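Numbering of the sequence shown is given in UniProt numbering, commencing with residue 1 and proceeding in unit increments. Let me begin by presenting the structure, written as structure tokens, before commenting on it.
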Amino acid sequence: MTVAGGHRRGNATNQLNEPRSLFVDENQTMFIADSRNHRIVRWKLNDTNGEVVLGGLGQGNRLDQLSWPSDMLIDKETNSLIICDRGNRRVLRWSLSGNATTVKILLRKIFCFGIALDDQRYLYISDSAKHEVSRYKIGKQKVNVVAGGNGEGSATNQLNWPTYIFVDREQSVYVSDFRNHRVMKWKKDAKQGIVAAGGQGKGIAMTQLSNPRELFVDRLGTIFVAADGSHRVMRWPEEATQGTVIVGTSRRGRKTNQLACPWAFSFDQHGNIYVLDHNNYRVQRFSLSDGSSSFTTKENWIYPGNDMGKATIQTTYAKCRAECFKDERCKVFSWNQETRSCSLKSTIGNGGEYDPNAQSGYREEDDSELVMKENWVYPGNDLGEATNQSTYAACRIQCFKEEQCKAFSWNNKTYICSLKSSIGNGGRPDPNFQSGFREEDDSEFVMKENWMYPGNDLGKATTQTTYEKCRAECSEDEQCKAFSWNRKTRICSLKSTIGSGGEYDPNAQSGYREEDDSEFVMKENWMYPGNDLGKATTQTTYEKCRAECSEDEQCKAFSWNRKTRICSLKSTIGSGGEYDPNAQSGYREEDDSELVMKGNWIYPGNDLGEATNQSTHAACRIQCFKEEQCKAFSWNRKTRICSLKSSIDSAGEYDPNADSGQRGGKRE
1 MTVAGGHRRG NATNQLNEPR SLFVDENQTM FIADSRNHRI VRWKLNDTNG
51 EVVLGGLGQG NRLDQLSWPS DMLIDKETNS LIICDRGNRR VLRWSLSGNA
101 TTVKILLRKI FCFGIALDDQ RYLYISDSAK HEVSRYKIGK QKVNVVAGGN
151 GEGSATNQLN WPTYIFVDRE QSVYVSDFRN HRVMKWKKDA KQGIVAAGGQ
201 GKGIAMTQLS NPRELFVDRL GTIFVAADGS HRVMRWPEEA TQGTVIVGTS
251 RRGRKTNQLA CPWAFSFDQH GNIYVLDHNN YRVQRFSLSD GSSSFTTKEN
301 WIYPGNDMGK ATIQTTYAKC RAECFKDERC KVFSWNQETR SCSLKSTIGN
351 GGEYDPNAQS GYREEDDSEL VMKENWVYPG NDLGEATNQS TYAACRIQCF
401 KEEQCKAFSW NNKTYICSLK SSIGNGGRPD PNFQSGFREE DDSEFVMKEN
451 WMYPGNDLGK ATTQTTYEKC RAECSEDEQC KAFSWNRKTR ICSLKSTIGS
501 GGEYDPNAQS GYREEDDSEF VMKENWMYPG NDLGKATTQT TYEKCRAECS
551 EDEQCKAFSW NRKTRICSLK STIGSGGEYD PNAQSGYREE DDSELVMKGN
601 WIYPGNDLGE ATNQSTHAAC RIQCFKEEQC KAFSWNRKTR ICSLKSSIDS
651 AGEYDPNADS GQRGGKRE
């Protein structure tokens, strides 16, 4: 049953909007992080409306405001809520007996996603951007990385976008490793984790997880985890190779037994589970004690009787499901993964027995897509000739543009994109393939050139000097789906969706967030290995190395060493690497004209403070060197005016008396 929200998205007190975190106290009162409304809501049992206890005053960074809160917990010792205020990159404490004036900032400058508190009052925080979990002693400055921290990846000592966390009595840390579709367990002081659930790729099989979110571990070591991508909550016993579904149907929906991207859940003292149904904007309560959570079909359960004709042999669950779809009388099917026997049924009926090899499901109104496998090549049914597309998202766009396209396959090695009228049967595994369906509305992915998209902005616009930097901003904000950047004003607007409307603007550049924009988020003092273009060269400054990259069309990024002066140009950043205090890395800007300065050219704007009089070009250059923000300077031989600049820009005009230069560069 629905116990909070359920009145579509909105900011009224009986509505929620993309809630992310949930906690139920001993009185069955719910605390909900209503993320898109930037507020915390307290919702008492049987009430039709919630009460805003913090935030709800618009997105902002005042102490009485929040920005996309993603997780929270109740600290009983201090009778307070500890909140991950993700959009403001801070962690807050709010007294349950107080008001906004009792808010305290515990931590700043951390891209927190999930939080947990152990028995010794250590606070654990997952940093999804750094792919690590850190431990803090409240009130102390010392920080320890306890999981991940070795860059983005899928090795057992790495994480890829960690979200929610749980800490047990032995201080073992369980992490929802979102993009690796697994739960990792890191024992205290361990250098690497172990896969505790999932880890078999993204999917709906009982051995798989799909984008795990909230998790809880009981005293027996059983893991409960919300699988956002497969719309269900699973139970995974300790050391088990597969789990069971306790809530949800593995199919997105709005029915009472269905979920749409569950993010979080909480248990009460009466055997109930409360599930935060993220994209249905509601909280659903299910009783686990009476078995009602299964609703339609139980996992690993053989249903007797009501068979329609003789059972057939089908090699996969999807093929059995397809058989049911072909027969209008079929309402339910059962498939045995050991015998491959597929039974179609007019109804489920009662009774039955547990069978670990059984998989049952019901007929969907449209099962034509049949569930696609990760890393699988689907043969045949191609529409026209395959094309080259640089990203999975670009291939998806091609499918959306073709009305007959129902699915697509993209190879991340060859970049081949194949559009298909249907998936069909058969195929083979291939680690380089990514397949997907055409969405009902992929309009957000088809962007016009030189078009300014209005509205749907996430927070205030910022100034970014390049298109790539605006794109990087979008990549760092999980809510961002698209962005618009203006070449002239440098204004960068992040957007939750593109929307419709807008107008032509020759200075506008818009783009969408890629599935993996990690190449645009570079670490400080990090040496990136591999992907080199030709031999490294020696360049005396970082700016000269950057200029080398700008002159090579294949160069996307570069690494420069302050000590050795070695400059390496790269086709992409890639993953891995190691910390190096002498390393400086950067990516090729779309417009690196600022690095190639013209002689006798006056560069306007971007001035740092007021201009000064300097007797020589060298003296002006020294002034630039003394100012850390100075990247370039302009000096006039006639007037002796020296202007320091934060960047060059591409405009300006010829002046025979002008003498401009870069910080650290040579005079032309």
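For every residue, glycine included, the Cβ atom is placed at its ideal position computed from N, Cα and C. Treat the numbers as computed from the prediction; the structure is a model and nothing was measured.
For residue j and residue i, the rounded distance between their alpha carbons
i    : j    : result
W68  : G459 : 10 Å
T222 : Q171 : 16 Å
D355 : W301 : 5 Å
D277 : A260 : 6 Å
R235 : N257 : 17 Å
R254 : T537 : 59 Å
W485 : C470 : 7 Å
T616 : T463 : 33 Å
R562 : S126 : 32 Å
W186 : V195 : 9 Å
I83  : I622 : 47 Å
A240 : Y174 : 15 Å
S134 : F166 : 12 Å
E524 : E578 : 11 Å
N88  : E51  : 23 Å
H7   : N14  : 7 Å
Y122 : I115 : 11 Å
N150 : F558 : 21 Å
T489 : A393 : 28 Å
Q539 : I566 : 6 Å
D118 : Y136 : 11 Å
K570 : W526 : 14 Å
W263 : D47  : 22 Å
S154 : N160 : 7 Å
V283 : V53  : 18 Å
E323 : S343 : 9 Å
Burial state of residue i (16 or more Cβ within 10 Å)
i    : result
S510 : buried
E365 : The predicted position of E365 is uncertain, since its pLDDT is 45 and thus under 50; no value can be drawn from it.
Y281 : buried
R62  : exposed
G309 : exposed
G361 : buried
R108 : exposed
G534 : exposed
S128 : buried
F625 : exposed
D659 : buried
S266 : buried
L81  : buried
M1   : exposed
V91  : buried
E653 : exposed
L220 : exposed
I105 : exposed
Supposed contact pair residue j and residue i - C-beta distance, whole angstroms, cut 8 Å
i    : j    : result
S334 : A358 : 6 Å
Q398 : Q389 : 6 Å
Y504 : W451 : 6 Å
N157 : Q192 : 4 Å
Q314 : R340 : 6 Å
F111 : D71  : Incorrect: roughly 12 Å between the Cβ atoms, too far for contact.
W376 : C395 : In fact, because the Cβ distance is near 15 Å, the residues do not count as touching under 8 Å.
A482 : T497 : 7 Å
Y453 : K495 : 7 Å
Cutoff 6 Å; reference residue i; Cβ partners in own chain excluding five residues on either side
i    : result
S643 : D607, A611 and S634
L45  : Q28
A407 : K420, I423 and F437
W560 : Y542, C545, C567 and Q584
N272 : R285 and S287
Cut-off 7 Å between Cβ atoms - residues of its own chain near residue i, not counting five sequence neighbours on either side
i    : result
G198 : H181, R182, V183, Q208, L209 and P212
E627 : L608 and L644
Any chain C beta carbon closer than 8 Å to residue i
i    : result
C399 : The question asks about chain C, but that chain is absent: this structure has only one protein chain.
Residue i Cβ short of 7 Å to the ligand ZN heavy atom set
i    : result
S559 : For the structure depicted, the ligand ZN is absent and the ligand set is empty, with no information on it obtainable.
Contact set for residue i: own chain, Cβ-Cβ below 8 Å, skip 5 residues either direction
i    : result
K638 : N657
S97  : N79
A618 : none
P581 : N525
Does the pairing of the stretch 226–234 with the stretch 246–254 give three or more beta-carbon distances under 8 Å?
yes
Decide yes or no for the touch test of the stretch 602–612 against the stretch 622–640: beta carbon pairs closer than 8 Å, at least 3 of them.
yes
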